[in-house]
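Trainee: So that we are looking at the same thing, I have put the structure below in structure tokens.
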Amino acid sequence: MNELGKTSHKQVASEQVSMIEVDETAAGQRIDNFLLRVCKGVPKSHIYRILRSGEVRVNKGRIDAAYRLVQGDLVRVPPIRTAQHDEAPVSSNAPAAEFPILFEDDHLIVIDKPSGVAVHGGSGVAFGVIEQLRNARPHAKFLELVHRLDRETSGVLMLAKKRAALVNLHEQIRENRIDKRYYAVGYGDWQSDWGRRRVVKAPLHKYVAGDGERRVRIQENGLPSHTVFNLIERWDDYAWVEAELKTGRTHQIRVHMASIGLPIAGDAKYGDFSLNKDLARPSAKPSLKRMFLHAYRLKITHPATGEPLQLEAPLPVECKRFIEQLKNRETE
């Protein structure tokens with residue numbers, strides 16, 4: 001059995017030892033992450049237990065959880081019997097789905113993610129884009145998220161089809177060689193003395209709120225965070241901006257916009273809650289039933305060819321309508 005993609009949950013969870021030869025899709029991956037992918041539905045604690053006990057072997061030798069696989073390695077996976085074996089893993093319950101494709105080749109796939117769809121399962125979400133795509137493409141040997149978007153954010157989302165592409169794109173992200181641009185509409189006054197450009201450098205800190213929700217706040221000892229906001233159009237109480245990410249922190253644009261008095265319209269975590277309620281009313285004009293944050297453009301270097309690649313996702317219909325309603329108010 002030399003193809004990772006052909007290693008099924010049932011095979012691994014049987015009473016037989018599985019021998020898996022590592023191919024190019026898994027080369028460079030840590031053994032613990034490899035096992036978590038192969039042994040779908042098996043708890044992490046059990047994976048680390050069999051690693052510590054030496055039941056997992058690579059080329060007949062013991063290894064620790066940090067070992068990185070090499071193409072051609074032969075991995076011994078022991079019989080794994082847990083209470084969860086008769087339960088389908090989360091991803092198998094995900095309905096197979098395809099999403100609007102902006103670009104695809106042998107190395108990566110870029111989709112236009114809709115608002116309201118999580119990128120992956122977890123934290124109360126049964127499944128996300130990655131699980132749905134994997135089930136829609138059962139013969140794909142490798143498919144991993146390159147980066148993430150908030151569930152409420154729409155737009156350009158990259159997935160790698162080869163491990164080498166994933167490693168290369170992660171390197172581009174770490175070295176800030178990827179140009180990420182978003183459209184957002186904030187509620188409030190774009191100050192005249194800002195001109196057409198407002199730079200925000202405010203450190204961000206992640207924490208868990210009293211309701212158990214993951215939140216982010218500006219905090220002096222937080223992670224350095226840098227966003228540039230370019231004004232596209234302004235009205236008395238709204239501003240449409242292009243947000244240029246210089247760092248990629250969790251909820252960065254949302255928190256930075258709220259910090260300058262322009263909370264994003266429709267933002268349920270950091271926005272103006274009474275405004276959001278008004279915008280969602282059936283008779284509201286302007287009306288909006290989602291957060292107005294859209295990843296519209298991404299510039300990367302192709303991980304295999306080295307050529308520049310620009311990917312764009314059109315503004316969703318509901319966001320277009322909201323902009324038109326704001327413009328029409330000015331003429332009424």
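Quick note: the sequence shown, position 191, residue 191 per UniProt numbering, numbers continuous. Where a beta carbon is used, it is the ideal one built from N, C-alpha and C, also for glycine. The structure presented is a predicted model; accordingly, all values stated were derived computationally and were not measured.
As a quick exercise: from 206, 295, 268 and 319, pick the residue whose alpha carbon is nearest that of residue 288.
Mentor: Your numbering for residue 288 matches position 288 in the sequence shown. Selected option, being the one with the closest Cα: 319.
Trainee: For residue 335, count neighbouring C-beta atoms within 10 Å of its own C-beta (all shown protein chains included) and say buried if the count is 16 or more, exposed if not.
Mentor: Coverage of the chain is limited to positions 1 through 332, which leaves residue 335 absent and any answer about it impossible.
Trainee: What I want to know is whether the C-beta of residue 68 ends up closer than 6 Å to one or more non-hydrogen atoms of the ligand ATP.
Mentor: With respect to the ligand ATP, the structure offers nothing, as it holds no ligand at all.
Trainee: Following the continuous beta strand (DSSP E) through residue 113, name the residue where it begins and the one where it ends.
Mentor: In the sequence shown, counting from the first residue as 1, residue 113 sits at position 113. Residue 113 -> beta strand (DSSP E) spans 108-113.
Trainee: Counting only the same chain and skipping the five closest in sequence on each side, list residues whose C-beta sits under 7 Å from that of residue 206.
Mentor: Looking up residue 206 in the sequence shown gives position 206. Closer than 7 Å at Cβ, skipping near neighbours: 214, 216 and 250.
Trainee: Should residue 115 be labelled buried (16 or more other beta-carbon atoms within 10 Å of its own) or exposed?
Mentor: As a first step, residue 115 is located in the sequence shown; it is residue number 115 there, counting from the start. With 16 or more Cβ atoms within 10 Å of its Cβ, residue 115 is classed as buried.
Trainee: Quick check on residue 225: buried or exposed, where buried means 16 or more other Cβ atoms within 10 Å of its Cβ?
Mentor: By 1-based counting over the sequence shown, the position of residue 225 is 225. It counts as buried.
Trainee: Between which two residues does the beta strand (DSSP E) harbouring residue 184 extend?
Mentor: By one-based count along the sequence shown, residue 184 stands at place 184. Looking at the DSSP string, the run of the beta strand (DSSP E) that includes residue 184 is 179-187.
Trainee: Return the residue from the list 252, 302 and 145 that minimises the CA-CA distance to residue 243.
Mentor: Along the sequence shown, read from residue 1 onward, the residue named residue 243 stands at position 243. Among 252, 302 and 145, the Cα nearest to that of residue 243 is on 252.
Trainee: Taking the straight line between their C-alpha atoms, what separation do you get for residue 79 and residue 53?
Mentor: As a first step, residue 79 is located in the sequence shown; it is residue number 79 there, counting from the start. As a first step, residue 53 is located in the sequence shown; it is residue number 53 there, counting from the start. Cα to Cα, residue 79 sits roughly 13 Å from residue 53.
Trainee: Should the region 104-119 be called in touch with the region 221-238, which here means at least 3 C-beta pairs below 8 Å?
Mentor: no
Trainee: Comparing C-alpha positions only, which one of 152, 18 and 158 sits nearest to residue 145?
Mentor: In the sequence shown, the residue the question calls residue 145 occupies position 145. Selected option, being the one with the closest Cα: 158.
Trainee: Just to confirm the assignment: which complete beta strand (DSSP E) runs, minimum length 3, are found wholly within the region 203-246?
Mentor: 204-208, 214-218, 226-234 and 238-245
Trainee: Is it true that the CB of residue 155 sits closer than 7 Å to the CB of residue 284?
Mentor: Counting from 1 along the sequence shown, the entry for residue 284 is found at position 284. Counting from 1 along the sequence shown, the entry for residue 155 is found at position 155. Not closer than 7 Å, so no.
Trainee: How would you call residue 317, buried or exposed, if buried means at least 16 neighbouring beta carbons within 10 angstroms?
Mentor: In the sequence shown, residue 317 corresponds to position 317, counting from 1. By the 10 Å Cβ count, residue 317 comes out exposed.
Trainee: To the nearest angstrom, report how far apart residue 266 and residue 220 are at their CA atoms.
Mentor: If you number the sequence shown from 1, residue 266 lands on position 266. If you number the sequence shown from 1, residue 220 lands on position 220. Cα-Cα distance, rounded: 27 Å.
Trainee: Measure the Cβ-Cβ separation of residue 182 and residue 304 and say whether it is below 7 Å.
Mentor: Taking the first residue of the sequence shown as position 1, residue 182 is located at position 182. Taking the first residue of the sequence shown as position 1, residue 304 is located at position 304. Taking 7 Å as the Cβ cut-off, residue 182 and residue 304 do not qualify as a contacting pair.
Trainee: Name the two residues that bound the continuous beta strand (DSSP E) containing residue 197.
Mentor: For this step, residue 197 is matched to residue 197 along the sequence shown. Looking at the DSSP string, the run of the beta strand (DSSP E) that includes residue 197 is 197-201.
Trainee: Suppose you measure from the CA of residue 74 to the CA of residue 18; what does that come to, to the nearest Å?
Mentor: Translated into positions along the sequence shown, residue 74 becomes position 74. Translated into positions along the sequence shown, residue 18 becomes position 18. Taking the straight line from one Cα to the other gives about 10 Å.
Trainee: Going by CA-CA distance only, name the one from 23, 76 and 258 that's closest to residue 39.
Mentor: Taking the sequence shown and counting its residues from 1, the one referred to as residue 39 is at position 39. Among 23, 76 and 258, the Cα nearest to that of residue 39 belongs to 76.
Trainee: When burial is assigned at 16 or more other CB atoms within 10 Å of the CB, is residue 139 buried or exposed?
Mentor: Walking along the sequence shown from the start, residue 139 turns up at place 139. With fewer than 16 Cβ atoms within 10 Å of its Cβ, residue 139 is classed as exposed.
Trainee: How is residue 91 classed by DSSP in three states: helix, strand or coil?
Mentor: In the sequence shown, residue 91 corresponds to position 91, counting from 1. Any reading at residue 91 must be qualified, since the residue scores a pLDDT of 47, below 50, and its modelled position is unreliable; no value is offered.
Trainee: Assign residue 91 to one of two classes, buried (16 or more other C-beta atoms within 10 Å of its C-beta) or exposed (fewer than that).
Mentor: As a position in the sequence shown, residue 91 is number 91, starting the count at 1. Confidence is the limiting factor: at residue 91 the pLDDT is only 47, short of 50, which leaves the residue's position unreliable and the question unanswerable from this model.
Trainee: What number of angstroms, rounded off, separates the C-alpha of residue 271 from the C-alpha of residue 55?
Mentor: Here residue 271 corresponds to residue number 271 of the sequence shown, with the count starting at 1. Here residue 55 corresponds to residue number 55 of the sequence shown, with the count starting at 1. Roughly 51 Å separates the two Cα atoms.
Trainee: Let's see if you can read the secondary structure: which residues bound the beta strand (DSSP E) around residue 264?
Mentor: Here residue 264 refers to the residue found at position 264 when the sequence shown is read from its first residue. That residue, residue 264, is in no beta strand (DSSP E); it is neither H nor E in DSSP.
Trainee: What residue does the beta strand (DSSP E) around residue 300 start on, and which one ends it?
Mentor: Working through the sequence shown from its first residue, we reach residue 300 at position 300. Per DSSP, residue 300 belongs to the beta strand (DSSP E) from 293-301.
Trainee: Alpha carbon to alpha carbon, what distance is there between residue 280 and residue 322?
Mentor: As a first step, residue 322 is located in the sequence shown; it is residue number 322 there, counting from the start. As a first step, residue 280 is located in the sequence shown; it is residue number 280 there, counting from the start. If you take the alpha carbons of residue 322 and residue 280, they lie about 11 Å apart.
Trainee: Classify residue 307 as helix, strand or coil using the three-state DSSP reduction.
Mentor: The residue you call residue 307 lines up with position 307 of the sequence shown. It is coil, neither helix nor strand.
Trainee: Over the uninterrupted alpha helix (DSSP H) stretch that includes residue 165, give me the two end residues.
Mentor: For the purposes of this step, residue 165 is taken as the residue at position 165 of the sequence shown. According to the DSSP assignment, residue 165 belongs to the alpha helix (DSSP H) that extends over 163-174.
Trainee: Which residue wins for smallest C-alpha separation from residue 273, given the options 238, 245, 202 and 187?
Mentor: The sequence position of residue 273 within the sequence shown is 273, counting from 1. Of the candidates 238, 245, 202 and 187, the one whose C-alpha sits nearest the C-alpha of residue 273 is 187.
Trainee: In terms of residues, what are the limits of the beta strand (DSSP E) holding residue 391?
Mentor: Lying outside 1 to 332, the shown extent of the chain, residue 391 is not represented and no answer is given.
Trainee: To test your reading of the DSSP string, which unbroken beta strand (DSSP E) runs of 3 or more residues are found completely within the UniProt domain "RNA-binding S4" (29-88)?
Mentor: 74-77
Trainee: Please state whether DSSP places residue 98 in a helix, a strand or coil.
Mentor: If you number the sequence shown from 1, residue 98 lands on position 98. Taken through DSSP and simplified to helix, strand or coil, residue 98 comes out as coil.
Trainee: Would you kindly work out how many angstroms separate the C-alpha atoms of residue 21 and residue 66, rounded to a whole number?
Mentor: As a position in the sequence shown, residue 21 is number 21, starting the count at 1. As a position in the sequence shown, residue 66 is number 66, starting the count at 1. The straight-line gap from Cα to Cα measures roughly 18 Å.
Trainee: I need the DSSP call for residue 157, collapsed to helix, strand or coil.
Mentor: Your numbering for residue 157 matches position 157 in the sequence shown. Here residue 157 carries a strand assignment [DSSP, helix/strand/coil].
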